[in-house]
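In terms of the numbering used here, the sequence shown has 44 at position 32, counting the first letter as 1, and numbering is strictly consecutive.
Cβ atoms here follow ideal geometry from the backbone N, Cα and C, with glycine treated the same way.
Since the structure comes first, as structure tokens, the remarks are kept for the end.
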Amino acid sequence: MSDPIVSSAHLVSEKAAELSEYEFGLIIAGHAFSRWMQRCMGAAGHQELSPLEILVLHSCNHRDREKRLSDICFTLNVEDTHTVNYALKKLLKAELITREKRGKEQFYKTSDQGTQLCSEYRKIRETCLVDSFDAIGGFDPDEIKQLAKHLRALSGLYDQAARAATSL
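Dropping the structure here:
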């Protein structure tokens with residue numbers, strides 16, 4: 013058996029070497045995904061948006077429904093609401109989203125300009141990413157669904173472990 017490919021060999025234990033390999037894969041995939049989102053959004057016409065701002069924009073556009081700050085944070089699994097609130101302010105300033113206040117609640121949704129930007133992002137995604145998957149023979153859709161299911165389950169385990177670590 014070959015040595016595991018990890019970012020921090022001092023964290024590898026006999027109990028879960030594969031977890032260290034998963035974490036390294038998550039680290040490099042996360043950075044690659046962030047880079048991809050920014051380059052794709054840049055090609056769509058907005059180079060100044062951060063990965064979180066891009067995710068918030070897409071969340072606001074999701075299913076063409078208004079969202080509250082808490083809805084966006086919950087969906088994206090972001091604990092620090094201040095970072096999402098800052099992203100919302102930046103998107104409002106860029107006129108990519110709109111805000112409506114109802115009572116004490118603020119509701120956000122994409123503006124026409126934001127919806128158009130998300131559509132352009134999708135076109136670029138199709139051309140640069142989806143078509144590339146097809147060119148190399150693609151991936152089995154069932155395998156991708158299974159991988160996504162495992163990632164969501166593992167994120168729950170990391171959330172539980174974070175809560176446990178907080179109580180130490």
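Taking the beta strand (DSSP E) that residue i belongs to, which residues open and close that run?
| i | result |
| --- | --- |
| residue 118 | 117-122 |
Keeping to the same chain, check which residues put their C-beta closer than 7 Å to that of residue i; ignore five residues upstream and five downstream.
| i | result |
| --- | --- |
| residue 63 | 46, 49, 50 |
| residue 174 | none |
| residue 56 | 129, 132, 133, 136 |
| residue 68 | 84, 96, 99, 100, 103 |
| residue 23 | 32 |
| residue 18 | 24, 32, 33, 36 |
| residue 39 | 19 |
Along the chain, where does the alpha helix (DSSP H) containing residue i start, and where does it finish?
| i | result |
| --- | --- |
| residue 112 | Where residue 112 is concerned, there is no enclosing alpha helix (DSSP H), although the beta strand (DSSP E) it sits in stretches over 109-114. |
| residue 46 | 29-56 |
| residue 66 | 63-73 |
| residue 83 | 81-88 |
| residue 94 | 93-105 |
Tell me which residues share the same chain as residue i and place their Cβ nearer than 6 Å to its Cβ, disregarding the 5 neighbours each side in the sequence.
| i | result |
| --- | --- |
| residue 177 | none |
| residue 61 | 53 |
Under 8 Å Cβ to Cβ from residue i, same chain only, skipping five residues before and after it: list those, please.
| i | result |
| --- | --- |
| residue 65 | 99, 102, 103 |
| residue 34 | 166 |
| residue 59 | 50, 53 |
| residue 151 | 145 |
| residue 111 | 100, 104, 118, 119, 120 |
Taking the CB atoms as reference points, tell me whether residue i and residue j lie closer together than 7 Å.
| i | j | result |
| --- | --- | --- |
| residue 87 | residue 71 | yes |
| residue 138 | residue 80 | no |
| residue 119 | residue 78 | yes |
| residue 28 | residue 16 | no |
task: Assess, as a yes-or-no matter, whether the stretch 100-111 is touched by the stretch 121-130 under the definition of 3 or more beta carbon pairs within less than 8 Å.
output: Output reads yes: the stretch 100-111 touches the stretch 121-130.
message: Three or more C-beta pairs under 8 Å: does that hold for the stretch 94-104 against the stretch 130-149?
response: no
- request: Any chance you could list the alpha helix (DSSP H) runs of at least 4 consecutive residues sitting entirely within the stretch 138-173, in chain order?
  value: 143-147
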